[in-house]
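As given, the protein sequences belong to chains X and A, one line each in that order. Using this note's numbering, you'd call the opening residue of the first sequence number 7 and step up by one each time. Using this note's numbering, you'd call the opening residue of the second sequence number 7 and step up by one each time.
Protein chains: 2
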Amino acid sequence: MQKRLPQLAKLDLIPRRLPVRLSWILLVVLCAALAAQAQTDPLPSWNNGAAKTAILNFVRVTTDQNSPNYVPPDQRFATFDQDGTTWVEHPMYTEIVFSFERVRELAAQHPEWKTTEPFNSVIAGDKAAIEKFTTKDFVDIIVATHTGMTVEAFGKIARDWLATAKDPRWHRPYTDLIYQPMLEVMQYLRANGYRTYIVTGGGQGFVRPYAQEIYGIPPEQIIGSAIALKYTYDAAGKGVLMKPPKMLLNDNFSGKPEDIYLFIGRHPEAAFGNSTGDQQMLEYAQAGTGATLEMIVLHDDAQREYAYGPANGLPATEVGTFTQALYDEAKSKGWFVISMKNDWKRIFSWEK
Amino acid sequence: MQKRLPQLAKLDLIPRRLPVRLSWILLVVLCAALAAQAQTDPLPSWNNGAAKTAILNFVRVTTDQNSPNYVPPDQRFATFDQDGTTWVEHPMYTEIVFSFERVRELAAQHPEWKTTEPFNSVIAGDKAAIEKFTTKDFVDIIVATHTGMTVEAFGKIARDWLATAKDPRWHRPYTDLIYQPMLEVMQYLRANGYRTYIVTGGGQGFVRPYAQEIYGIPPEQIIGSAIALKYTYDAAGKGVLMKPPKMLLNDNFSGKPEDIYLFIGRHPEAAFGNSTGDQQMLEYAQAGTGATLEMIVLHDDAQREYAYGPANGLPATEVGTFTQALYDEAKSKGWFVISMKNDWKRIFSWEK
């Protein structure tokens, strides 16, 4: 209280000396408040261990003004991959599920799709063919389902779909499938002056409509793969932004550091990923100065979520691949591997 | 004071009723504070007039919670063109002056330039030829002088040049040629919760190195024309971002709303420009909901700065062109034309 009293005293609102009894009461209140603060775990869904300790340490050394690794608030940036890092990506990216459903919905308007790959396989629900889709096939599907409308119209389509679609395993909205421990990390970083960004291979235009609500991340902090934009005029002469059938940014692999620099203009201090598509982002974070934090989520919990990928001795999947080489790089460079099974006490907020 | 007293009283730090004498003292202090606030003009370099009033009104109606046009703080964005809007662009963009000097500096390493346009004209200082340069010529020069190095190396080259180069008219660093009235608008908007962005046809990589210092605008709020980026590894295996010889974004004309959406994800509430290259940005601001503000700087002060462009009945220049059509659009749409001659009391901070 010593530090605050002179200010209040200046206003002549309170006596310059507090009665002894009142001082004791204030002291007790203060001690109780400090004790409560010490007991509040900012990461309650994390088990104690190297990963949790690393996050707490990172925040401590970069926000303590007496630390040699102190980072001024305006330089505190943390970047998060989305699919497989902040929400479920298995067995298929949510945006691909959405795109496939869009293809089926739009099929009546595109009779030619019935005889054109990759659309006919999607319409027929041919799983074997879909498993063999190339990157170009996915891009064709994204372009066909995400373009030819205004940015607002696409945002509404995405929002409407997310409001009703349910995942087949938990029968919940896809936005319920975010990882509670990662949400806590985001909130903890923000409480300590960090700006949190999504840096996703998924579409910026798909993520923006829900990111504020589910992650607390605003549109200007969503970096992602992006369709080109085309400014034009509507029938009333009002300026509108259309989505032409053309990709502008591919925010995977080396696209992640490239787009981070385009948007932010510096290395992030902390980066979170789960696959080779995030490797360059983590390397780029580590190439910055001072203390940095790099973490990779290992999907090793078949019971509560999924176990997949070579780092678990399991086959690679078409989605994010956590290779043995990436695992070895992580270990050699001091990146932290987050074991969903061991490090996360709770995976979803609604888990019992 | 009535609103604050109950809170303090709750703490039992002060008597529940103030002595009459003390109440009078507080009232006097409060009135003095309010009077001081009223006297502090947030835009001291502006003359009274429609433009200044428009800025003050815009801030008032978008930040007053009781206003029907109230804008929540997280949605307050203002975008500023740079050349001709926040600093001098005449007779040549500063970045072009820089690029021409780079061409001359690099000429020894490029003997082929002596026989290649547009480089040979720049090396020879052939003004007549330079006046006929096409957009492609300028792009060739930008690419030749801005690429083939890391982003950090380019930033250092730009910073070093700006630290020593002086403009030929005022013999001052180019960064001294920012308009004090626009700086005041930026500061006033920021003081009212707005995030200020530069949205420039100039290079993002050229502007970022000085924007924090001269405008108070951080790297992540600089949108501009942009060279593509290429993530690769240096000799030590460290991840670095190179600038390959390829343009990614052309942040002029319709590129401005397109890039604003890419970076911010929404309409700006306020937009400031000075030429047809900014027209679409201003239209896009106005296409947003609620109260918006669109302003265009008219260069009509030959004595203190420059007078040029068709809106002054003068010939178009190769740089930003304020056409009669743009002037008419401004008038018909309620955009404010800022007359440098009449609206600005002072143009530069160092003016006597």
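Note that CB positions come from ideal geometry on N, CA and C, so glycine has one too.
Q) With DSSP run on the structure shown, which of helix, strand or coil describes A/R3? A) In the structure as shown, chain A begins at 7 and stops at 358. Residue 3 of chain A is therefore absent and cannot be evaluated.
Q: State the Cα-Cα distance for the pair X/V77 and X/V65, rounded to the nearest angstrom.
A: Here residue 77 of chain X corresponds to residue number 71 of the first sequence, with the count starting at 1. Here residue 65 of chain X corresponds to residue number 59 of the first sequence, with the count starting at 1. Pairing X/V77 with X/V65, the inter-Cα distance amounts to about 10 Å.
Q. Exposed or buried, A/T140, counting other C-beta atoms within 10 Å across all chains shown (16 or more means buried)?
A. The residue given as residue 140 of chain A occupies position 134 in the second sequence. So A/T140 counts as exposed.
Q. Quick one: what's got a C-beta closer than 7 Å to X/G294's C-beta in the same chain, skipping five residues either side?
A. Counting from one through the first sequence, the residue named residue 294 of chain X turns up at place 288. So the qualifying residues of the chain are H273, E275.
Q | Inter-residue spacing [alpha-carbon to alpha-carbon] between X/L14 and A/Q71 | A | For the purposes of this step, residue 14 of chain X is identified with residue 8 of the first sequence, where counting begins at 1. For the purposes of this step, residue 71 of chain A is identified with residue 65 of the second sequence, where counting begins at 1. Below a pLDDT of 50, predicted positions are generally treated as unreliable, and X/L14, at 34, falls in that range; no measurement from the model is reported.
Q) Are the beta-carbon atoms of X/T181 and X/I148 separated by less than 8 Å? A) Residue numbering aside, residue 181 of chain X sits at position 175 when the first sequence is read from its first letter. Residue numbering aside, residue 148 of chain X sits at position 142 when the first sequence is read from its first letter. Annotated as distal: X/T181 and X/I148, with beta-carbon spacing of 8 Å or more.
Q: Pick out whichever of X/N198, X/A130, X/M192, X/K142 has its Cα sitting closest to the Cα of X/T68.
A: Working through the first sequence from its first residue, we reach residue 68 of chain X at position 62. That would be X/N198, whose Cα lies nearest to the Cα of X/T68.
Q.
Check for me: the alpha helix (DSSP H) holding A/I220 runs from which residue to which?
A. Within the second sequence, the letter at position 214 stands for residue 220 of chain A. Residues 210-221.
Q | Beta carbon proximity, A/Q169 to chain X, threshold 8 Å | A | By one-based count along the second sequence, residue 169 of chain A stands at place 163. Looking at the sequence provided, one finds Ala at residue 169 of chain A rather than Gln. Using beta-carbon distances, A/A169 does not count as an interface residue toward chain X, since no partner is under 8 Å.
Q) Does any CB atom of chain A fall closer than 8 Å to the CB of X/G245? A) Stepping through the first sequence from its first residue, residue 245 of chain X is reached at position 239. It does: the Cβ of X/G245 has a partner Cβ on chain A nearer than 8 Å.
Q) Hey, how far is the Cα of X/E137 from the Cα of A/G208? A) In the first sequence, the residue the question calls residue 137 of chain X occupies position 131. In the second sequence, the residue the question calls residue 208 of chain A occupies position 202. Spanning the two alpha carbons is a distance of roughly 45 Å.
**Q.** Three-state secondary structure (DSSP) of A/L366
**A.** This structure cannot settle anything about residue 366 of chain A, because the visible part of chain A is limited to 7 through 358.
Q: Return the CA-CA distance between X/V343 and X/S51, expressed in angstroms with no decimal places.
A: Counted from its first residue, the first sequence places residue 343 of chain X at position 337. Counted from its first residue, the first sequence places residue 51 of chain X at position 45. Going from the Cα of X/V343 to the Cα of X/S51 covers about 16 Å.
**Q.** Cβ shell of A/N348 (< 7 Å), same chain only, five flanking positions each side left out
**A.** Within the second sequence, numbered from 1, the residue matching residue 348 of chain A stands at position 342. Hits under 7 Å: N53, G55.
Q.
Give me, in chain order, the residues of the same chain whose beta-carbon lies closer than 8 Å to that of A/P225; leave out the 5 immediate sequence neighbours on both sides.
A. Here residue 225 of chain A refers to the residue found at position 219 when the second sequence is read from its first residue. Excluding sequence positions up to five before and after A/P225, its CB lies within less than 8 Å of the CB of R214, A217, Q218, all in the same chain and listed in chain order.
Q. Using a C-beta cutoff of 8 Å, does X/Y185 count as contacting chain A?
A. Along the first sequence, one-based indexing puts residue 185 of chain X at 179. No, X/Y185 lies away from the interface with chain A (no Cβ there is under 8 Å from its Cβ).
Q: Assign X/Y267 to one of three DSSP states: helix, strand, or coil.
A: Here residue 267 of chain X corresponds to residue number 261 of the first sequence, with the count starting at 1. Per DSSP, reduced to three states, the secondary structure at X/Y267 is helical.
Q: Check whether the Cβ atoms of X/G279 and X/F259 sit closer than 8 Å, and answer yes or no.
A: Sequence index remark: in the first sequence, residue 279 of chain X carries index 273 (1-based). Sequence index remark: in the first sequence, residue 259 of chain X carries index 253 (1-based). X/F259 is positioned such that its CB atom lies no closer than 8 Å to that of X/G279.
(Q) At 4 residues or longer, what runs of the alpha helix (DSSP H) sit wholly inside the region 275-316 of chain A? (A) Segments of the alpha helix (DSSP H) lying fully in the region 275-316 of chain A: 285-292.
(Q) Rounding to the nearest angstrom, what Cα-Cα distance links X/M192 and X/I184 in this structure? (A) Residue 192 of chain X sits at position 186 when you count from the first residue of the first sequence. Residue 184 of chain X sits at position 178 when you count from the first residue of the first sequence. Cα to Cα, X/M192 sits roughly 12 Å from X/I184.
Q. Which bits of chain X does A/I344 rub up against, with CB to CB less than 7 Å?
A. If you number the second sequence from 1, residue 344 of chain A lands on position 338. Going along chain X, no residue has its Cβ under 7 Å from A/I344, so there is no contact; the nearest lies around 22 Å.
Q. Name the DSSP bridge partner or partners of X/D89?
A. The residue you call residue 89 of chain X lines up with position 83 of the first sequence. According to the DSSP secondary-structure assignment, X/D89 is paired through a beta bridge with X/W93.
Q. Is X/H152 near X/G211, with beta carbons less than 8 Å apart?
A. Here residue 152 of chain X refers to the residue found at position 146 of the first sequence. Here residue 211 of chain X refers to the residue found at position 205 of the first sequence. For X/H152 and X/G211, yes; Cβs fall inside 8 Å.
Q: Taking X/M188 as part of the beta strand (DSSP E), name the residues at either end of that continuous run.
A: Taking the first residue of the first sequence as 1, we reach residue 188 of chain X at position 182. Unbroken run through X/M188 is the alpha helix (DSSP H), 186-197; no beta strand (DSSP E).
Q | Min CB distance X/Y312 to chain A below 8 Å | A | On the first sequence, residue 312 of chain X is found 306 positions in, with the first residue counted as 1. For X/Y312, no CB of chain A lies under 8 Å from its own CB, so it is not counted at the interface with that chain.
Q.
Which residues does DSSP list as the beta-bridge partners of A/V103?
A. Against the second sequence, residue 103 of chain A aligns to sequence position 97. A/V103 has no beta-bridge partner at all, per DSSP.
Q | Neighbour list for X/P263 in chain A, Cβ cutoff strictly below 7 Å | A | For the purposes of this step, residue 263 of chain X is taken as residue 257 along the first sequence, with counting starting at 1. Y237, G245, L247, listed in chain order.
Q: Helix, strand or coil for A/W52, going by three-state DSSP, please let me know.
A: The residue given as residue 52 of chain A occupies position 46 in the second sequence. A/W52 sits in a strand when the DSSP states are folded into three classes.
Q: Can you give me the start and stop residues for the beta strand (DSSP E) that X/A232 sits inside?
A: By 1-based counting over the first sequence, the position of residue 232 of chain X is 226. Start and end: 228-233.
Q: Mark X/T92 as exposed unless 16 or more other C-beta atoms lie within 10 angstroms of its C-beta, in which case mark it buried.
A: Along the first sequence, read from residue 1 onward, the residue named residue 92 of chain X stands at position 86. Classification of X/T92: buried, given that the 10 Å Cβ count is 16 or more.
Q. Excluding five sequence neighbours on each side, which residues of the same chain lie with their C-beta closer than 7 Å to the C-beta of X/D257?
A. As a first step, residue 257 of chain X must be located in the first sequence, where it is residue number 251. For X/D257, where only same-chain residues beyond five positions count, the Cβ hits under 7 Å are V205, T206, G207, I229, G230, S231, D265.
Q.
Against chain X, does A/D306 count as a neighbour if the rule is that its beta carbon must be under 8 Å from one of theirs?
A. Along the second sequence, read from residue 1 onward, the residue named residue 306 of chain A stands at position 300. Nearest CB-CB separation between A/D306 and chain X: not below the 8 Å threshold.
Q | Sub-8 Å separation of X/M301 and X/W350 beta-carbons | A | Indexing the first sequence from 1 puts residue 301 of chain X at position 295. Indexing the first sequence from 1 puts residue 350 of chain X at position 344. At the C-beta level, X/M301 and X/W350 stay beyond 8 Å of one another.
Q | C-beta contact flag for A/M346 and A/L304 at 8 Å | A | Position 340 of the second sequence, counting from 1, holds the residue named residue 346 of chain A. Position 298 of the second sequence, counting from 1, holds the residue named residue 304 of chain A. Yes, Cβ-Cβ distance for A/M346 and A/L304 is below 8 Å.
Q.
For chain X, check one thing: does any of its Cβ atoms lie closer than 8 Å to the Cβ of A/I302?
A. Your numbering for residue 302 of chain A matches position 296 in the second sequence. Closer than 8 Å to the CB of A/I302 there is not a single CB belonging to chain X.
(Q) Let's see if you can read the secondary structure: which residues bound the alpha helix (DSSP H) around X/V77? (A) If you number the first sequence from 1, residue 77 of chain X lands on position 71. First-last for X/V77: undefined, no H or E at that position.
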